[in-house]
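Chains A and B, in that order, are what the protein sequence lines are.
Here our numbering = 1-based position in the first sequence + 434.
Here our numbering = 1-based position in the second sequence + 147.
Positions of the beta carbon are idealized from the N, C-alpha and C atoms, including for glycine.
Remember, it's a predicted structure, so these values are computed and weren't measured experimentally.
Read the structure below first, then the notes.
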Amino acid sequence: EAEVAQSPRYKITEKSQAVAFWCDPISGHATLYWYRQILGQGPELLVQFQDESVVDDSQLPKDRFSAERLKGVDSTLKIQPAELGDSAMYLCASSPRQGEYTGELFFGEGSRLTVL
Amino acid sequence: AQSVSQHNHHVILSEAASLELGCNYSYGGTVNLFWYVQYPGQHLQLLLKYFSGDPLVKGIKGFEAEFIKSKFSFNLRKPSVQWSDTAEYFCAVNERSRGRRALTFGSGTRLQVQP
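Written out as structure tokens, the structure is:
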């Protein structure tokens with residue numbers, strides 16, 4: 435069964451350091467999402483890509499967060515500098531092209547960030 | 148902006164008990180509705196979805212949900228829970244009219260089923 439791959443699974447860093455997360459969506463999925471899930475809360479959308487273009491980054495804290503999907507396949511989410519409040523699970527998800535859309539988002543296992 | 152409310156944060160049931168988890172959304176337009184489940188140590192996965200048609204939808208593992216438009220609700224039910232249903236359950240919505248695919252999630256309900 436095809437899966438969304440994410441790395442690293444766990445990351446511990448000190449505040450003010452830079453952090454990067456990587457996501458490889460299911461092959462052929464045009465839409466890619468980055469969500470943040472703080473402990474005890476539901477996932478919140480950070481950024482959505484359609485192929486290599488950003489569709490929605492209205493909730494991305496752009497002063498410290500950046501995301502790219504240069505070739506429309508895998509994606510990187512970066513935080514610089516990390517703050518204590520960034521401690522969370524960072525989830526990547528993907529979905530197929532418009533004509534194949536079933537409503538389902540396919541999630542990876544996430545990258546858990548702890549900022550000390 | 149749309150929002151999703153799940154009023155039950157933590158539910159504890161015994162095996163064979165019936166389950167109902169509440170979900171209300173705020174958006175007044177046409178929406179697609181979802182329930183996702185996250186089993187311990189696993190990724191989020193789709194349990195069931197509603198797009199249109201019969202407001203009572205059935206999903207995997209015996210779960211069902213009923214869409215009540217007048218109440219802006221999409222409650223999840225299961226007649227008899229099992230220990231393996233222990234998980235966190237998330238209700239989610241997206242706005243069909245805007246073609247938005249990104250989901251807005253509720254805060255989740257942690258279900259603990261005791262043997």
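Taking the Cβ atoms as the reference, B/Pro202 lies roughly 6 Å from B/Glu213, within the contact range of under 8 Å. Apart from sequence neighbours up to five positions away, the residues of its chain that approach B/Ser150 with a beta-carbon distance below 6 Å are Ser173, ordered along the chain.
Within the segment 468-533 of chain A, complete beta strand (DSSP E) segments of at least 3 residues are found at 478-484, 487-490, 499-502, 509-513, 522-529, given in chain order.
Leaving aside the five residues that flank B/Tyr197 on each side, the residues in its chain whose CB is nearer than 6 Å to its CB run, in chain order, Leu180, Val204, Phe214. At least 9 Å separates the CB of B/Leu203 from every CB of chain A. Counting the other Cβ atoms within 10 Å of the Cβ of B/Gln229 gives fewer than 16, which makes it exposed. For B/Lys208, there is no enclosing beta strand (DSSP E), as DSSP gives it neither H nor E. With a beta-carbon spacing of about 20 Å, A/Phe541 and A/Val453 fall beyond the 8 Å limit used to define contacts.
The alpha carbon of B/Gln192 has as its nearest neighbour, out of A/Ser545, A/Leu525, A/Thr548, A/Pro495, the alpha carbon of A/Leu525. Distance from B/Ser254 to A/Gly476 at the Cβ level is roughly 5 Å; contact confirmed, criterion being Cβ atoms closer than 8 Å. Look at A/Asp458 here: in three-state DSSP terms it is strand.
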